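> Sending over a structure as structure tokens; questions will come in a sec.
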Amino acid sequence: MEEEEEQKRRGVGLVLFPCPLQGHINPMLQLASILHSKGFSIIIVHTRFNSPNSSNYPHFNFIPIPDGISDIQASFSDVLALLSHLNVNCAVPLRDCLVRLLSDHDNSISTSKEKEPISCLISDAIMHFTQGVADGLKLPRLVLRTSSVESFLAFAAFPVLRQKNYLPISDSELETPVTELPPLKVKDLPVIKTHDLKTLYQLVGSMVDQVKASSGLILNTFDHLEQSSLSALTQEFPIPVFTIGPFHKLFPASSSSLLTQDQSCIAWLDTQPPKSVIYVSFGSLASMDEAEFMEMAWGLANSKCPFLWVVRSGLVHDSDRVEPLWPDGFLEMISGKGCIVKWAPQQDVLAHPAVGGFWTHNGWNSTLESICEGVPMLCHPNFGDQMVNARYVSHVWRVGLHLENRLERKEIERNIRRLMVEKEGEDMRERVASLKEKAEASVKKGGSSYESLEELIAQIFSF
Ligand code: UDX
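Here the sequence shown stands for residues 66 to 528, where the numbers follow this note's numbering.
In structure tokens, the structure reads:
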């Protein structure tokens, strides 16, 4: 029976279109792997900019489309502008590509692997233009939103937040509670620092409107974690919602990392005692100034806790090289105690028995990956949804400490020790271990995410 079902799905093709940023590519390719494991044929249409490594996914078809992004625009210095350009530049190329796929006439892209009828488009919520393209072709569109439910609700509340003068954020109101979105304060609202507020509001507004216009919303989360927000979401969004995460626990995906992961840190972790190491990484986009970077370095060294620190290119504003920044004698001082890499195999690091804490920027993938491995967090959000995630980690799930002020070495040292060696950290470790169990249960047969995935498959067949 199951084989028959799978055979039926083999005849169904899905087109997935990710937003070309690391934190968005990872969950989209994980989703693709999940759906492929359920029998669907997968076509990944992607921009040339930040194109995923197709060799890690020999069973998918990858089709690049032009994106009109210049090297300067691709420098990440202005993510808002980049996303806005992509939403304009990709419309015609995506439509042309889908027309070819749907008509199956163009032999140059129609290989034997992709002859199946295309059932729907699955695209990232940020790529809001895709709804118009799909509508024009009468192709159903499902949306993947890669963030938490809470942060998505906060984005959806932008019109009310503007009306009530929470937005734009005023420096004198940072600590004011947002009574409409407890426990958020004004400083937690998911904004990107920009002088171009109009573009920000347009991007967020279009994202939300086009999710509402879609045939369903897929989320990388699990019901137990975000129950009350999910109830609010389903009331506000009258479309099917599928909470099928944590994706990487449903299907251990091949690496979709854009940067080479330095595996040597795993051998270093092997030499460290259990739960002794604090892993430090701020994801693919977050950055800081040189003074904060110095405070971080000294805070880590002075904590006397072993640490694994990801110092990727671009972590410090306006600097591609970090070597000259190291304070005199710093590298000698941390020898044996600290391991520094440019990019780590993060999921393996978090799963390593030596890791006892994660100092994170609270990107949603990092937050979820930490919860899934039962690792408590030190939260230092940088922009956008990260602030919402950090507030939930520290004040709702109570599995992390929030570094709310500008980084300062004494404060860092004190909080690392609270997390890594004091009773407080131990309590958080217990709470996050319980969330880890709930995450694991959700993807097993009968679990909420497992069931939701079955509903998603049924929805795809209904198209
Ligand atoms: C961005 C946003 O910043 C984030 O808030 C949003 O939720 C998704 O898009 P990013 O900043 O890169 O993502 O953070 P995050 O969501 O945590 O994703 C980073 C991904 O890169 C994770 O899957 C993580 O495992 C991976 N990673 C990170 C590595 O593989 N190696 C590293 O060294 C660091």
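Heads up, the beta-carbon is just placed ideally off N, CA and C, and yes, glycines get one too. Quick caveat: nothing in here was measured; it's all calculated off a predicted structure.
Hey, would you say the C-beta of I90 is under 7 angstroms away from at least one heavy atom of ligand 3?
This structure simply doesn't include ligand 3; it includes ligand 1 instead.
> Considering L415, what are the terminal residues of the beta strand (DSSP E) in which it resides?
Element bounds for L415: not the beta strand (DSSP E) but the alpha helix (DSSP H), 411–416.
> Hey, is N118 close to ligand 1, as in C-beta under 7 angstroms from one of its heavy atoms?
The answer is no for N118.
> Between which two residues does the alpha helix (DSSP H) carrying S368 extend?
355–368 is the span of the alpha helix (DSSP H), which, as asked, contains S368.
> Return helix, strand or coil for Y122, following the three-state DSSP convention.
Here Y122 sits in coil by DSSP.
> Between K263, V420, L443, L96, which lies nearest to G428 when the distance is taken from Cα to Cα?
Taking only the C-alpha atoms, the option nearest G428 is L443.
> From R227 to L468, what distance separates their C-alpha atoms?
Rounded to whole angstroms, R227 to L468 spans 27 angstroms at the Cα level.
> From the DSSP output, which residues share a beta bridge with K250?
According to DSSP, which records beta bridges pairwise, K250 is partnered with P242.
> Are there any heavy atoms of ligand 1 lying less than 7 angstroms away from the beta-carbon of W408, as far as the coordinates show?
Yes.
> Beta carbon of G421, beta carbon of S341: below 8 angstroms?
Result yes, Cβ atoms of G421 and S341 sit closer than 8 angstroms.
> Tell me whether L324 sits in a helix, a strand or coil according to DSSP, three-state version.
If DSSP states are grouped into helix, strand and coil, L324 belongs with coil.
> Would N230 count as contacting chain D if we go by Cβ distances under 8 angstroms?
Judged by its chain identifiers, the structure shown contains no chain D, having just a single protein chain.
> For S98, is the beta carbon positioned less than 7 angstroms from some heavy atom of ligand 1?
Because no heavy atom of ligand 1 lies under 7 angstroms away, the Cβ of S98 does not count as near it: no.
> In angstroms with no decimal places, state the Cα-to-Cα distance between F526 and S184.
Their backbone Cα atoms lie some 8 angstroms apart in a straight line.
> For A190, I'd like the list of residues in its chain whose CB is within less than 6 angstroms of its CB, leaving aside the five on either flank, ordered along the chain.
Taken in chain order, the residues that qualify are V208, R210, M272, V276.
> Going by the CB atoms, is the gap between V80 and L163 shorter than 8 angstroms?
Contact: yes.
> Here's the rule: buried if 16 or more other CB atoms are within 10 angstroms of the residue's CB, otherwise exposed. What is S173?
The predicted position of S173 is uncertain, since its pLDDT is 41 and thus under 50; a value taken from the coordinates is nonetheless stated next. By the neighbour-count rule (16 or more Cβ atoms within 10 Å), S173 is not buried but exposed.
> Taking the alpha helix (DSSP H) that C162 falls in, what are its first and last residues?
Start and end: 156–168.
> Out of F223, A409, K503, which one is the CA nearest neighbour of P311?
Considering only alpha carbons, the answer is K503.
> Taking contact to mean at least 3 C-beta pairs separated by less than 8 angstroms, is the region 216–224 in contact with the region 294–305?
Touching, yes.
> Taking the alpha-carbon positions, what's the S98 to V251 distance?
Answer to the nearest angstrom: the Cα atoms are 38 angstroms apart.
> Is A19 a contact residue of ligand 1, with contact defined as CB to any heavy atom under 7 angstroms?
This structure leaves residue 19 out entirely; the chain is present only between 66 and 528.
> Examine the Cβ distances between the region 319–338 and the region 392–412 and report whether three or more of them are shorter than 8 angstroms.
Yes, the region 319–338 touches the region 392–412.
> Near S177, what residues of its chain come up, given a Cβ to Cβ distance below 8 angstroms and the 5 sequence neighbours on each side ignored?
Residue confidence for S177 is low, a pLDDT of 48 falling below 50, so the modelled location carries little weight and cannot support an answer.
> Cβ atoms of I130 and V110: under 8 angstroms apart, would you say?
Yes, the pair counts as a contact, with Cβ atoms nearer than the cut-off.
> What is the DSSP secondary structure of R474, reduced to helix, strand or coil?
Helix at R474.
> Report whether the distance from the Cβ of N430 to the nearest heavy atom of ligand 1 is below 7 angstroms.
Indeed, a heavy atom of ligand 1 lies less than 7 angstroms from the Cβ.
> Report the rounded CA-to-CA distance for W462 versus R496, giving the unit in angstroms.
The alpha-carbon atoms of W462 and R496 are separated by roughly 8 angstroms.
> With DSSP collapsed to three states, give me the class of P224.
Of the three classes helix, strand and coil, the one that applies to P224 here is helix, per DSSP.
> What separation, rounded to the nearest whole angstrom, lies between the Cα atoms of D253 and G364?
Taking the straight line joining both Cα atoms gives about 24 angstroms.
> Give a single yes or no on whether S188 has its beta carbon closer than 7 angstroms to a heavy atom of ligand 1.
Checking every heavy atom of ligand 1 against the Cβ of S188, none is found closer than 7 angstroms.
> I think F125 touches H101, with their Cβ atoms under 8 angstroms apart; what is that distance to the nearest whole Å?
Rounded, the Cβ-Cβ distance is 7 angstroms, consistent with contact.
> Per DSSP, H111 forms a beta bridge with which residues?
DSSP lists P129 as partners of H111.
> May I have the straight-line CA-CA distance separating H313 from W424, to the nearest angstrom?
Distance between the alpha carbons of H313 and W424 is about 21 angstroms.
> So does T211 have its beta carbon nearer than 7 angstroms to some heavy atom of ligand 1?
Yes, the Cβ of T211 comes within 7 angstroms of a heavy atom of ligand 1.
> Could you check if P182 is buried or exposed, using at least 16 other CB atoms within 10 Å of its CB as the buried criterion?
When all chains shown are included, P182 counts as exposed.
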